[in-house]
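A.B. asks: Here the protein sequences line up with chains Z and R, keeping their order. Residue 151, in my numbering, is where the first sequence stops; the numbers in between run on with no holes. Residue 151, in my numbering, is where the second sequence stops; the numbers in between run on with no holes.
2 protein chains.
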Amino acid sequence: MVQDSIQTLQAQGYKATRPRKLVLEVLEESEKPISPYDIQGILRTRGKQINHVTIYRTLDLLCRLNLAHKMMSGGGFLKCSLNAAEGCHRFMVCQDCGAIQEFANKELCREENQLARDLGFHTEHHLSEFYGLCSGCYEK
Amino acid sequence: MVQDSIQTLQAQGYKATRPRKLVLEVLEESEKPISPYDIQGILRTRGKQINHVTIYRTLDLLCRLNLAHKMMSGGGFLKCSLNAAEGCHRFMVCQDCGAIQEFANKELCREENQLARDLGFHTEHHLSEFYGLCSGCYEK
DNA sequence: AGACAATTGCAACAATGTTGCATTTATCTT
DNA sequence: AAGATAAATGCAACATTGTTGCAATTGTCT
Ligand SMILES: [Mn+2]
Ligand SMILES: [Mn+2]
Ligand SMILES: [Zn+2]
Ligand SMILES: [Zn+2]
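In structure tokens, the structure reads:
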């Protein structure tokens, strides 16, 4: 819920501004990670004009508060999605059709975190991307 | 070894060109992932002038042949490293000092791949990034 | 309603990534 | 060793993505 994220923001002393609500709405509606300029485009079609700088700053904030995730999805530029699911996020990126599917697994997460801790690293969150073929594209 | 990568290239019908050898050399020397423009800069300091377009195309090729990896390392732009270790690559990115440490774990890899396959996805390779604090920065 | 700090938008810029095409180069053949 | 050939490079021009400083605006609290 956008409401929950807003509440988290305010609890940490951040303002519940129009741009932040709008970005959160778009992120929530999107079933896959999207780029800052995607978000701007979607909002523009709704007559909501938001400066791209503000979107970048909003996404930075959301990621800093662990409310959202960043990923690269094969290309080399930023995509973000809400940090809705429990545990870490894993993305399966189809190299043929570009589809992005998400799944989470708490157990795997724990194992990964433990391995990192064994090396002295203190994990706050993590991100995993699989590259290959989705079932549809594999058939062909 | 650069030689091995070159051999793989040729085996697949790609030419062993000067730019490709140079990029491979830089990747091999670097203990952490670096960006295309980093590579160009390093080569320039050695008096080797390589066009950035060529570097992008070389990195694309290396990743396509699974000789190298792409990652985003917290920011939103491309970094690459040689795909030297066995199994999938995991990177620990310190959010304080920016240090990037790498580790691999075949067993974990297998589990992850199995989980993806259960969802109908056929993984070719994958990439994992942990964000948190390295031991040094955690002390402070 | 007014004060105040946080946030936004703007402008200008910097960095990153892409495309088409002429020139060059690696490889294979002769 | 020279020539033929396709692949790869470099160049130029452009497009997209990301950053910074600062003045204007807005949300929150009193
Ligand atoms: Mn996560
Ligand atoms: Mn790998
Ligand atoms: Zn697909
Ligand atoms: Zn550190």
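We treat Cβ as the ideally placed atom computed from N, Cα and C, and that holds for glycine. Quick caveat: nothing in here was measured; it's all calculated off a predicted structure.
1) Going by CA-CA distance only, name the one from Pro-30(Z), Lys-59(Z), Glu-113(Z), Lys-32(Z) that's closest to Asn-94(Z).
2) Can at least three beta-carbon pairs, one atom from the stretch 97-107 of chain R and one from the stretch 122-141 of chain R, be found at a separation below 8 Å?
3) Just verifying my parser: in three-state terms, what is the DSSP assignment at Ala-79(Z)?
4) Buried or exposed for Leu-89(Z), going by 16 or more other Cβ atoms inside 10 Å?
5) At least one CB of chain R closer than 8 Å to the CB of Leu-10(Z): is that the case?
6) Would you give the residue range spanned by the alpha helix (DSSP H) that Cys-91(R) belongs to?
7) With DSSP run on the structure shown, which of helix, strand or coil describes Arg-113(R)?
8) What whole-angstrom Cβ distance do Glu-122(Z) and Leu-119(R) have, given they're in contact under 8 Å?
9) In whole angstroms, what separates the C-alpha of Gln-60(R) from that of Glu-39(Z)?
10) Name, please, each residue of chain R whose Cβ falls closer than 8 Å to the Cβ of Tyr-142(Z).
11) Tell me which residue opens and which closes the alpha helix (DSSP H) that Leu-54(R) is part of.
12) Anything with a beta carbon under 5 Å from a heavy atom of ligand 3 counts; list them all in chain order.
13) Around the Cβ of Arg-31(Z), are there at least 16 other Cβ atoms within 10 angstroms (buried) or fewer (exposed)?
14) Determine the direct distance from the alpha carbon of Lys-81(R) to that of Val-34(R), and round the result to whole angstroms.
15) Could one say the Cβ of Cys-145(Z) lies closer than 8 Å to chain R's Cβ atoms, at least one of them?
16) In angstroms, rounded to a whole number, what distance separates the CA positions of Arg-29(R) and Gln-106(R)?
17) Please report the distance separating the alpha-carbon of Gly-87(R) from that of Glu-135(Z).
18) Which term fits Ala-22(Z), buried or exposed, when burial requires 16 or more other beta carbons within 10 angstroms of its beta carbon?
19) Measure from the C-beta of Ala-22(R) to each C-beta in chain Z and report whether the shortest distance is under 8 Å.
20) For a contact defined as C-beta to C-beta under 9 Å, what are the partners of Tyr-48(Z) on chain R?
21) Hey, is Lys-81(R)'s beta-carbon within less than 8 Å of any beta-carbon in chain Z?
22) Any C-beta of chain Z sitting closer than 8 Å to the C-beta of Tyr-149(R)?
23) Could you tell me which residues DSSP puts in a beta bridge with Ser-139(Z)?
24) On a CA-only basis, which of Ile-53(Z), Ala-127(Z), Gly-147(Z), Gly-131(Z) is nearest Leu-130(R)? Give me that one, please.
25) Is Leu-144(R) helix, strand or coil by DSSP?
C.D. replies: This is what the structure gives:
1) That would be Glu-113(Z), whose Cα lies nearest to the Cα of Asn-94(Z).
2) A contact between stretches requires three or more CB pairs, one per stretch, nearer than 8 Å, and the stretch 97-107 of chain R meets this requirement with the stretch 122-141 of chain R.
3) Ala-79(Z): strand per DSSP, three-state reduction.
4) Here Leu-89(Z) is buried. Its C-beta has 16 or more other C-beta atoms within 10 Å.
5) The displayed coordinates of chain Z run from 12 to 151. Any statement about residue 10(Z) would go beyond what the structure contains.
6) It is not in any alpha helix (DSSP H) - Cys-91(R) instead sits in the beta strand (DSSP E) that spans 90-93.
7) A quick correction: the sequence has Glu, not Arg, at residue 113(R). If DSSP states are grouped into helix, strand and coil, Glu-113(R) belongs with the strands.
8) A Cβ-Cβ distance of about 6 Å is found for the pair Glu-122(Z) and Leu-119(R), placing them in contact under the 8 Å criterion.
9) Put simply, the backbone Cα of Gln-60(R) is about 46 Å away from that of Glu-39(Z).
10) Chain R residues near Tyr-142(Z): Thr-134, Glu-135, His-136, His-137, Leu-138.
11) DSSP places Leu-54(R) in the uninterrupted alpha helix (DSSP H) bounded by 47-56.
12) If you measure from each CB to the nearest heavy atom of ligand 3, the residues under 5 Å come out as Cys-105(Z), Asp-107(Z), Cys-108(Z), Ala-110(Z), Cys-145(Z), Cys-148(Z).
13) Arg-31(Z) is classed as buried because its beta carbon has at least 16 other beta carbons within 10 Å across all chains shown.
14) Cα-Cα distance, rounded: 15 Å.
15) Residue contact with chain R for Cys-145(Z): present (Cβ-Cβ distance below 8 Å to some residue of chain R).
16) Rounded to whole angstroms, Arg-29(R) to Gln-106(R) spans 36 Å at the Cα level.
17) Distance from the CA atom of Gly-87(R) to the CA atom of Glu-135(Z), rounded to whole angstroms, is 18 Å.
18) By the neighbour-count definition (other C-beta atoms within 10 Å, threshold 16), Ala-22(Z) is an exposed residue.
19) No, because no Cβ of chain Z sits closer than 8 Å to the Cβ of Ala-22(R).
20) Counting only Cβ-Cβ distances below 9 Å, Tyr-48(Z) has no contacts in chain R at all, with the closest Cβ about 11 Å away.
21) The Cβ of Lys-81(R) sits closer than 8 Å to at least one Cβ of chain Z.
22) Interface residue, yes.
23) Looking at the DSSP assignment, Ser-139(Z) forms a beta bridge with Arg-101(Z), Ser-139(R).
24) Ranking the options by Cα distance to Leu-130(R), first place goes to Gly-147(Z).
25) Leu-144(R): strand per DSSP, three-state reduction.
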